[in-house]
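Participant: Okay, handing you the structure first.
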Amino acid sequence: MGTPELISPRSPRVTAARRLARRAFRGKERRFIAEGPQAVREAIAHRTGGTPTLIELFATVEAAERHTEIIEAAHAAGVRVHHADDKTVADISQTVTPQGLLGVCEFLDSPFEEILAARPQLVAVLANVRDPGNAGTVLRCADAAGADAVVLTDASVDLYNPKSVRASVGSLFHLPVAVGVPVERVVSGLRSAGVRILAADGAGDRDLDAELDTGSMGGPTAWVFGNEAWGLPEETRALADAVVRVPIHGKAESLNLATAAAVCLYASARAQRSPGGCRAVSPA
Numbered sequence: 002m003g004t005p006e007l008i009s010p011r012s013p014r015v016t017a018a019r020r021l022a023r024r025a026f027r028g029k030e031r032r033f034i035a036e037g038p039q040a041v042r043e044a045i046a047h048r049t050g051g052t053p054t055l056i057e058l059f060a061t062v063e064a065a066e067r068h069t070e071i072i073e074a075a076h077a078a079g080v081r082v083h084h085a086d087d088k089t090v091a092d093i094s095q096t097v098t099p100q101g102l103l104g105v106c107e108f109l110d111s112p113f114e115e116i117l118a119a120r121p122q123l124v125a126v127l128a129n130v131r132d133p134g135n136a137g138t139v140l141r142c143a144d145a146a147g148a149d150a151v152v153l154t155d156a157s158v159d160l161y162n163p164k165s166v167r168a169s170v171g172s173l174f175h176l177p178v179a180v181g182v183p184v185e186r187v188v189s190g191l192r193s194a195g196v197r198i199l200a201a202d203g204a205g206d207r208d209l210d211a212e213l214d215t216g217s218m219g220g221p222t223a224w225v226f227g228n229e230a231w232g233l234p235e236e237t238r239a240l241a242d243a244v245v246r247v248p249i250h251g252k253a254e255s256l257n258l259a260t261a262a263a264v265c266l267y268a269s270a271r272a273q274r275s276p277g278g279c280r281a282v283s284p285a
């Protein structure tokens, strides 16, 4: 087989994909870039309205040869595949070390009402989280812990920021995510759905270990995580049913956002799967 024809760097499709690095264009087109084999693989498998979330795929010749199963899956799903040189892919990616595979995807966030209607048992709420890498990493942690949804409030970073998408490592395609919801509405909606609201804060008056010991964490729970630098404002903490701190047993000053989120979400996941928890398997 000969070398496939490469798309021109001046192609309108390349120009359109490159523009998705900017939030204004992502919002206008309701499209975003997913980069790397894992994210592209998940984007092909994910469906929005019965069609793949992935619209088109840009691949270097080397990446296409290394990931033939992804290229074949894209073709089978009816996704248009463009072969491109390294520079063209790098220009779209805008990363230092692009991975050779870039997918243009449709927005996939869910209405907050749909998340409530599904009666979630474990939810991660990102309130005033501004760092895109942190947002994507918390989403990945929530996915790994078996959370039912993630909600980004209206004061948080753009879910489709390229750094957020990369940091989620494909988890963006695994669970419902609502965006742009005021924190007051998030809390009131979840509470009405029977979900207990816990605010994670280093200055919390409750200790996570003590909460686990009391057996109070086995029910439906939403964890609210705040800004990386200043945590949760008092008005947000006041909305919660409890403000909980992760205990520091050593000499570290604090935990970063993603680490604290992982600890809290896994604590809830274990409690919910223990006997008497809301996810515990009933005896046959």
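For the sequence shown, our numbering gives the first residue as 2, with consecutive numbering after it.
For every residue, glycine included, the Cβ atom is placed at its ideal position computed from N, Cα and C.
1) Taking the continuous beta strand (DSSP E) assigned at F33, which residues delimit it?
2) Given this structure, state the Cα-to-Cα distance separating Q95 from L21, to the nearest angstrom.
3) The alpha helix (DSSP H) spanning A200 covers which residue range?
4) Can you tell me where the alpha helix (DSSP H) holding I72 begins and where it ends?
5) Taking the alpha-carbon positions, what's the Y267 to V178 distance?
6) For the beta strand (DSSP E) containing G101, list its first residue and its last residue.
7) Report the three-state DSSP secondary structure of D149 (helix, strand or coil).
8) Taking the continuous alpha helix (DSSP H) assigned at I93, which residues delimit it?
9) Roughly how many whole angstroms lie between the Cα atoms of P99 and V264?
10) How would you label S9, buried or exposed, when you count the other beta carbons within 10 angstroms and need 16 or more for buried?
11) Alpha carbon to alpha carbon, how far is R238 from R197? Give it in angstroms, no decimals.
12) Does the segment 130-142 come into contact with the segment 163-170, if we say contact requires no fewer than three beta-carbon pairs (one atom in each stretch) closer than 8 Å?
13) Specify whether the segment 151-165 and the segment 179-190 touch according to this definition: at least 3 beta carbon pairs, one from each stretch, less than 8 Å apart.
14) Quick check: the Cα distance between G190 and G251, rounded to an integer number of angstroms?
15) Is I93 buried or exposed, if buried means 16 or more other CB atoms sit within 10 Å of its CB?
16) If you drop the 5 nearest sequence neighbours on each side, which residues of the same chain put their C-beta closer than 7 Å to that of M218?
17) Is S154 helix, strand or coil when you go by DSSP?
18) Relative to the alpha-carbon of A143, which residue among G277, A259, A25 has its alpha-carbon at the smallest distance?
19) Taking all protein chains shown into account, decide if R42 is buried (16 or more other Cβ within 10 angstroms of its Cβ) or exposed.
Facilitator: On the basis of the data shown:
1) Taking the sequence shown and counting its residues from 1, one reaches residue 33 at position 32. Unbroken beta strand (DSSP E) run through F33: 32-36.
2) Stepping through the sequence shown from its first residue, residue 95 is reached at position 94. Stepping through the sequence shown from its first residue, residue 21 is reached at position 20. The straight-line gap from Cα to Cα measures roughly 11 Å.
3) Within the sequence shown, the letter at position 199 stands for residue 200. A200: not part of any alpha helix (DSSP H); member of the beta strand (DSSP E) spanning 197-201, first to last residue.
4) Here the question's residue 72 lines up with position 71 in the sequence shown. Residues 69-77.
5) As a position in the sequence shown, residue 267 is number 266, starting the count at 1. As a position in the sequence shown, residue 178 is number 177, starting the count at 1. Answer to the nearest angstrom: the Cα atoms are 19 Å apart.
6) Numbered from its first residue, the sequence shown carries residue 101 at position 100. Premise fails: G101 is in no beta strand (DSSP E) and is neither H nor E.
7) Within the sequence shown, numbered from 1, the residue matching residue 149 stands at position 148. Residue state, collapsed to three classes: coil.
8) Position 92 of the sequence shown, counting from 1, holds the residue named residue 93. Residues 87-94.
9) Looking up residue 99 in the sequence shown gives position 98. Looking up residue 264 in the sequence shown gives position 263. Rounded to whole angstroms, P99 to V264 spans 31 Å at the Cα level.
10) Your numbering for residue 9 matches position 8 in the sequence shown. Exposed, since its Cβ has fewer than 16 Cβ neighbours within 10 Å.
11) Counted from its first residue, the sequence shown places residue 197 at position 196. Counted from its first residue, the sequence shown places residue 238 at position 237. If I take the Cα positions, the gap works out to 13 Å.
12) Touching, yes, given that three or more Cβ pairs across the two stretches are closer than 8 Å.
13) Contact holds between the segment 151-165 and the segment 179-190, because three or more Cβ pairs, one in each stretch, are under 8 Å apart.
14) For the purposes of this step, residue 190 is taken as residue 189 along the sequence shown, with counting starting at 1. For the purposes of this step, residue 251 is taken as residue 250 along the sequence shown, with counting starting at 1. Straight-line spacing of the CA atoms in G190 and G251 works out to 37 Å.
15) Indexing the sequence shown from 1 puts residue 93 at position 92. Buried, because 16 or more other Cβ atoms sit within 10 Å of the Cβ of I93.
16) Start at 1 with the first residue of the sequence shown, and residue 218 comes out as number 217. The answer, listed in chain order, is E212, A268, S269, A272.
17) Looking up residue 154 in the sequence shown gives position 153. Looking at the sequence shown, residue 154 is not Ser but Thr. Looking at T154 - three-state DSSP - the assignment turns out to be strand.
18) Walking along the sequence shown from the start, residue 143 turns up at place 142. Selected option, being the one with the closest Cα: A259.
19) Translated into positions along the sequence shown, residue 42 becomes position 41. Classification of R42: buried, given that the 10 Å Cβ count is 16 or more.
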